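Since the structure comes first, as structure tokens, the remarks are kept for the end.
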Amino acid sequence: MFHNFESEPLTPAEALELNPVTLAFVGDAVYELLARGSVVAEGNASPGLLHRKAVHFARAGSQAKAVRIILPILTKEENDLIRRGRNANTVHIAKHASPADYRYATGLESLFGYLYLTGNKARIHTLFALIAEGMEKAVQSANRK
């Protein structure tokens, strides 16, 4: 059964009934698409370079940093969504991430999944813009050292 969440979003109550891992499943795709869009916005590059940049942006360690970037502006409800995602029972642990980073990444993906399913694209874009800006500052700072 097809459901167009963009034209018929879930209510917040309906979205909160979903398992945090289900929200993270959706949020992973949303975040990956935003990461790819951010990389493409930098200009033309080989597919291999685009892929490496997008993977770097979307890996668990980077997503854990992203949580720290947006934490000061999150609402109580958004903090709760990250906490629920972080505390969810996940079967898989990424090969190249610490368990803590993986849990924070799952929390971030849960938040992005919830925001997408409830039709809150403006908030997704606000949060991702802050993340992209914070990541860029971190890269510039590292390059100066």
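Just so we're aligned, residue 87 is where the sequence shown starts under our numbering, counting upward by one.
Quick reminder that beta carbons are idealized off the backbone N, C-alpha and C, glycines included.
The structure presented is a predicted model; accordingly, all values stated were derived computationally and were not measured.
Quiz item: CB V112 to CB G199, shorter than 8 Å?
Solution: Closer than 8 Å, so yes.
Exercise. Tell whether a beta-carbon distance below 8 Å holds between A174 and P98.
Key: Their beta carbons are not under 8 Å apart, which means A174 does not touch P98 by this criterion.
Practice problem: Determine contact between the segment 145 to 152 and the segment 128 to 136, defined as no fewer than three beta-carbon pairs at a distance below 8 Å. | Solution: In short, these stretches do not touch, since the Cβ pair count stays below three.
Quiz item: From L120, V225 and R169, pick the residue whose C-alpha is nearest to that of A191; which is it?
Solution: When each option's Cα is compared against that of A191, the closest is R169.
Exercise. Out of K162, D114 and S227, state which residue places its alpha-carbon closest to the alpha-carbon of F214.
Key: Comparing Cα-Cα distances from F214 to each of K162, D114 and S227, the minimum goes to D114.
Quiz prompt | Under the three-state DSSP convention, the category M87 falls into | solution = In the structure shown, M87 sits in coil (DSSP, three-state: anything other than H, G, I, E or B).
Exercise. Write down every uninterrupted run of the alpha helix (DSSP H) in the segment 120 to 174 whose length is 4 residues or greater and which is fully enclosed by it, in chain order.
Key: List check, alpha helix (DSSP H) in window: 133 to 144, 146 to 156 and 162 to 173.
Quiz item: Roughly how many whole angstroms lie between the Cα atoms of A180 and R172?
Solution: Cα to Cα, A180 sits roughly 14 Å from R172.
Quiz prompt | Element boundaries [alpha helix (DSSP H), containing A180] | solution = First-last for A180: undefined, no H or E at that position.
Exercise. Take the Cβ of A121 as the centre, count every other Cβ of all protein chains shown within 10 Å, and call the residue buried at 16 or more, exposed below.
Key: Under this definition A121 is a buried residue.
Practice problem: Using a threshold of 8 Å, state whether the C-beta atoms of L194 and I155 are closer than that. | Solution: The Cβ-Cβ distance between L194 and I155 does not fall below 8 Å.
Practice problem: Work out the CA separation of A110 and L201 for me, nearest whole Å. | Solution: Distance from the CA of L201 to the CA of A110, rounded to the nearest whole angstrom, comes to 11 Å.
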